[in-house]
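K.L.:
In my numbering, the protein residues as written are 1016 to 2144.
Backbone N, C-alpha and C define an ideal beta-carbon position, used for all residues, glycine too.
For clarity, every value in this text was computed on a predicted model and none was experimentally measured.
Please read through the structure below; I'll follow up with questions.
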């Protein structure tokens, strides 16, 4: 056991000085040489370090063994600690005393020497990580033992200076000088060792603490992500202590020590490396200041970072109830709806395993206490064992996520679905007895609703045995239909009572808020029970009649909220049943009309009785109500002499308000009815009556809410009758043209639904034979007079200033164009331009809809891809103009708009013939690699693209950026020999020749693109001719043909009388091919091409000397005989 600190820490022994004088002097001067060596290249010559001593051998041997495996680190730490004690402490006995004696400085220098050897080890070498880990273990063990020795001295301070602390300071001082080295490997290892030591040691010198913090702050902006990551690892240990000290000692936020945590949070939000952000996520201190920033990573771009948040950070965070309600709701929504399956599973596991355990802790503790009292002495609970199922814990969990509000958008429903799926113990435990139904709360009824849905949905995916087991369990736990009807009736009565109480309010108005909250809770309970009722089987006539009577009375209640009314209508339609003769729908419509009349009479009350003195037994139509009501609402209330409104005016105003209420309620009930019927409008007398007496007057109303709801009902009626739709389509177009944004959105939705339901209102989409492959123009577009105003309306929608109108118009057009109801190329061009327009960058709905529509539209049909080819050149031109104007804007950033080259790449990908699905292969090509998906007689879409792009460059004025994008598109085209049109190939070759003559290709890259395209087309001719002629004919080298043009060549199978004709044909083809060839580049251009990455193998592949042989040329010439007088290429 070592004793006190050796005097050799400050002086060397006399015997050692004589034997190691030169060596000691060298070691003492090591600091200067190390500083110079560490900042230089790792391959620099190592200076003379003096004679090799026994201490150096032992220390080097320990470090050498540490890089082999981490399994032996414990033993190596013990060995190195013995060496340190021998150098730093006086031995208690002279036994085993060595001849060579070394002091503490010698030991520290040898350790630093070994540390310097680690700096040049690359990150990919695991030996470096093992040595760094060994160093950290040794420093931790040595520090603990030094503190134990120092604690025996009563005169020592609370933070004594020990040999290990001095060794750590020596290592830190050495590494500080190389943290900014030019070599990235040295910077990486230096930061890694520094951060690892900071996280290993318990204490640091105050002065060194600040120096290390400033040095690591500089490294968080290093260009290497690995360096930044390890710098963050070290700073996160210092961040909390730094900010606490500065908050107490200084208010200067601009000081060098200030803002460590703020800088790390900025880095967490903006660092481009996912590894750095993930390292910050897992290492930042969990304090209230950092928590919102950490939770933001649930929306990180990297799936692994999002998964780390849900799988590692949140489970380690502790009780989730410390989070705010907003954070809980967002975390569930983001996690359960994440695009990555692993993130969704991690979120579901967090909800059903961690959060439920936090809620079950208190009930479990209570149950455990009761068991301890009964048993006398309780057993120690396993902390890893899950708590027993508890209904109270489940209800608290749902209360903590605010199920009343989160169930509307489906978050709580999805969460409970995952909960039931992963907790079979709760599925078996839960029961719904009479006491459960007697006092329903929003949380308890939601448990019953989700359990019912889980059992019914899961039984559809399981085998017959499991399905039968689940349904039997559900029937045992849920009440029968008749019993459920009575329970629902009781809850509806409670709802009506609290709604009336909330509407009336207390005498002083204090009870309004409580009554409003209670009405929301009761409404939620009724909605959940109605949702459950929609899944029941009504084959039991007793239960069906009970539900029918209950729902018939409920829908006629004016106090019933709109969402509950909608659910009542859906369940009532289900209860009425369905048959081939439409008896169920007629009964349903009759019940709804009776309910509308009853609602009207209930709200209007005594005023209506006075109006019915003329003997009219039926309720007043909405036409008369709206006409009288609108006339009264326009009048200004008359005032008496004192300036107050007269009694009659107040009565009239109150009646006008009630008229608006009754019409809104009646229209909503009618809308619910129309959404649940599918019969022909003209064959249902109830629907015709409702249309004439309620819907049409509402559309003519002067009140905006009534007019909008009437417009929706009229649109639903149009879906049930084609004639009505044809008559009123112009009305909806007029509403879109003259209405406000909300009305425009409604009109667009109605127009889209009408055209989808009645496609014959527009000219039918032409067949594939009616489409010209080169222009993709649709014949007969002007057949229907409705087509032009419809296209005009959608075009106006895409230009609207309202984001909602824009996104609605884009979504509507996507549906209509995918169904081939609209095939206009101009509207397609406008859609593409709108998609890339920087002004729509903030419209996420529009961007999301078009990002899905455009590739699906092009890949679904050949005609659609050909239509996209037709507009591609115009799109590039228009977007180039937009980009020039956007870049000139001082307030705009150039990176906010994509380049024309990127757009061109997308257009080429969308029109790729390999991705187009032919009608014969719909649904059968998933995962298969195919060539072109074109029918016989149809040209390849990329061949059409080549023609369109070259035509644009040859005939139009193009800017430099536009030409660059067009040449890039030509370079990405996929051209094969299958189903190619010879005339189209000839046209493209002519355009290439014209582009060469006009010198459109101003640089080597562009000229190379034209050469490559020309060679590809010539090879297509070669392959096509070879396939037609067959393999039995003898091939003739075209190189010889070019060398001796006058020589006659014949094939094996040709007769003598064809030789003369073949000679003339050969000469003609030779002249055309010579005229088509692009001039060879000079040596300077060749070097440029080589610098651009064009390798010799590629050049040989497209060698123009490899032209068709004589037999294959004949097939090409046969196709050109009718055009002998045309201009030579």
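With burial defined as no fewer than 16 other Cβ atoms inside 10 Å of the residue's Cβ, what is the status of residue 1337: buried or exposed?
P.N.:
It is exposed - the Cβ of residue 1337 has fewer than 16 other Cβ atoms within 10 Å.
K.L.:
Is DSSP giving residue 1104 helix, strand or coil here?
P.N.:
Three-state result, residue 1104: strand.
K.L.:
Compare the C-alpha of residue 2027 against each of 1718, 2013, 2004, 2012 and name the closest.
P.N.:
Among 1718, 2013, 2004, 2012, the Cα nearest to that of residue 2027 is on 2004.
K.L.:
Got a sec? Which residues, its chain only, sit under 8 angstroms from residue 1154 by beta carbon, not counting five neighbours each side?
P.N.:
Contacts found: 1179, 1182, 1183, 1212, 1215, 1216.
K.L.:
Report back the beta-carbon spacing between residue 1806 and residue 1849 to the nearest angstrom; my notes put them in contact at under 8 angstroms.
P.N.:
That pair is no contact at about 15 angstroms.
K.L.:
Alpha carbon to alpha carbon, how far is residue 1587 from residue 1633? Give it in angstroms, no decimals.
P.N.:
With a pLDDT of 40 at residue 1633, under the threshold of 50, the predicted position of this residue should be treated as unreliable, and no value is reported.
K.L.:
Assuming residue 1000 is part of the alpha helix (DSSP H), what are its boundary residues?
P.N.:
What is shown of the chain runs 1016 to 2144, which leaves residue 1000 out entirely.
K.L.:
CB-CB under 7 angstroms to residue 1894, same chain, minus the five flanking residues each way: which ones, in chain order?
P.N.:
The residues are 1848, 1851, 1915, 1918.
K.L.:
For the alpha helix (DSSP H) that residue 1501 lies in, which residues bound it at each end?
P.N.:
1496-1519 is the extent of the alpha helix (DSSP H) around residue 1501.
K.L.:
Please classify residue 1121 as buried or exposed, where buried requires at least 16 neighbouring CB atoms within 10 angstroms.
P.N.:
By the 10 Å Cβ count, residue 1121 comes out buried.
K.L.:
Taking the C-alpha atoms as reference points, what is the distance between residue 1537 and residue 1513?
P.N.:
Rounded to the nearest angstrom, the two C-alpha atoms are 8 angstroms apart.
K.L.:
If residue 1541 and residue 1570 are in contact, beta carbons under 8 angstroms, what's the gap, nearest whole angstrom?
P.N.:
So it is not a contact: roughly 13 angstroms between Cβ atoms.
K.L.:
For residue 1299, collect the residues of the same chain with a Cβ closer than 6 angstroms to its Cβ; drop the 5 residues on either side in sequence, then sort them by chain order.
P.N.:
Taken in chain order, the residues that qualify are 1251, 1305.
K.L.:
Which residue from 1084, 1083, 1174, 1070 puts its Cα closest to that of residue 1097?
P.N.:
Comparing Cα positions, the closest option is 1070.
K.L.:
Do the CB positions of residue 1822 and residue 1861 come within less than 7 angstroms of each other?
P.N.:
Contact: yes.
K.L.:
Do residue 1836 and residue 1777 have their C-beta atoms within less than 7 angstroms of each other?
P.N.:
It is a contact, given that the beta carbons lie within the stated cut-off.
K.L.:
Can you say whether residue 1281 is buried or exposed, counting buried as having 16 or more other CB atoms within 10 angstroms of its CB?
P.N.:
So residue 1281 ends up on the exposed side.
K.L.:
Does the distance from the C-beta atom of residue 1989 to that of residue 1931 stay below 7 angstroms?
P.N.:
Not in contact: residue 1989 and residue 1931 (Cβ atoms no closer than 7 angstroms).
K.L.:
Relative to the ligand ADP, is the shortest distance from any of its heavy atoms to the C-beta of residue 1239 smaller than 6 angstroms?
P.N.:
Judged by which ligands are present, the structure shown has none, so any question about the ligand ADP falls away.
K.L.:
Using the Cα positions of residue 1152 and residue 1210, report the straight-line distance between them to the nearest angstrom.
P.N.:
Approximately 14 angstroms, taken between the alpha carbons.
K.L.:
Please confirm whether residue 2219 and residue 1824 have their CB atoms less than 7 angstroms apart.
P.N.:
What the structure shows of the chain is the stretch from 1016 to 2144, and residue 2219 is not part of that stretch, so it cannot be assessed.
K.L.:
Is it the case that the Cβ atoms of residue 1605 and residue 1562 are separated by a distance below 7 angstroms?
P.N.:
The answer is no: Cβ separation not under 7 angstroms.
K.L.:
Which two residues bound the contiguous alpha helix (DSSP H) that contains residue 1981?
P.N.:
That run of the alpha helix (DSSP H) goes 1975-1986.
K.L.:
Starting from residue 1318 and walking both ways along the alpha helix (DSSP H), at which residues does that stretch end?
P.N.:
Here the alpha helix (DSSP H) through residue 1318 covers 1318-1323.
K.L.:
Out of 1580, 1882, 1911, 1164, which one is the CA nearest neighbour of residue 1923?
P.N.:
The residue with the shortest Cα to Cα distance from residue 1923 is 1882.
K.L.:
Apply the 10 Å Cβ neighbour rule to residue 1475 and answer buried if 16 or more other Cβ atoms are within range, or exposed otherwise.
P.N.:
The residue in question, residue 1475, is exposed, as its Cβ has fewer than 16 Cβ neighbours within 10 Å.
K.L.:
Can you say whether residue 1238 is buried or exposed, counting buried as having 16 or more other CB atoms within 10 angstroms of its CB?
P.N.:
Label assigned to residue 1238: exposed.
K.L.:
Starting from residue 1804, trace the alpha helix (DSSP H) in both directions and tell me its first and last residue.
P.N.:
Its alpha helix (DSSP H) spans residues 1802-1813.
K.L.:
Mind checking which residues open and close the alpha helix (DSSP H) that includes residue 1348?
P.N.:
That run of the alpha helix (DSSP H) goes 1340-1351.
K.L.:
Kindly indicate which three-state DSSP category residue 1050 falls into: helix, strand or coil?
P.N.:
Its pLDDT being 43, under 50, residue 1050 is placed unreliably in this model, and the coordinates cannot settle the point.
K.L.:
Under 8 angstroms by Cβ, that's how I've got residue 1138 and residue 1241 pegged, so tell me the actual separation to the nearest angstrom.
P.N.:
Contact flag correct, Cβ pair sits at about 6 angstroms.
K.L.:
Could you tell me if residue 1625 is buried or exposed, where buried requires 16 or more neighbouring beta carbons within 10 angstroms of its beta carbon?
P.N.:
Note that residue 1625 scores 49 on pLDDT, short of 50, meaning its location in the model is unreliable; the coordinates nonetheless yield the value given after this. Exposed, since its Cβ has fewer than 16 Cβ neighbours within 10 Å.
K.L.:
How about residue 1926 and residue 1960: are their beta carbons less than 7 angstroms apart?
P.N.:
Yes, the pair counts as a contact, with Cβ atoms nearer than the cut-off.
K.L.:
Quick one: using the 10 Å Cβ neighbour count with 16 as the cut-off for buried, is residue 2110 buried or exposed?
P.N.:
Low confidence applies to residue 2110: its pLDDT is 38, below 50, so where it sits in the model is not reliable enough to give any reading.
K.L.:
Ignore the nearest five residues each way along the sequence and tell me which others in residue 1566's own chain have a CB closer than 7 angstroms to its CB.
P.N.:
Within the same chain, residue 1566 has close Cβ partners 1583, 1586, 1587, 1590.
K.L.:
How would you label residue 2023, buried or exposed, when you count the other beta carbons within 10 angstroms and need 16 or more for buried?
P.N.:
So residue 2023 ends up on the buried side.
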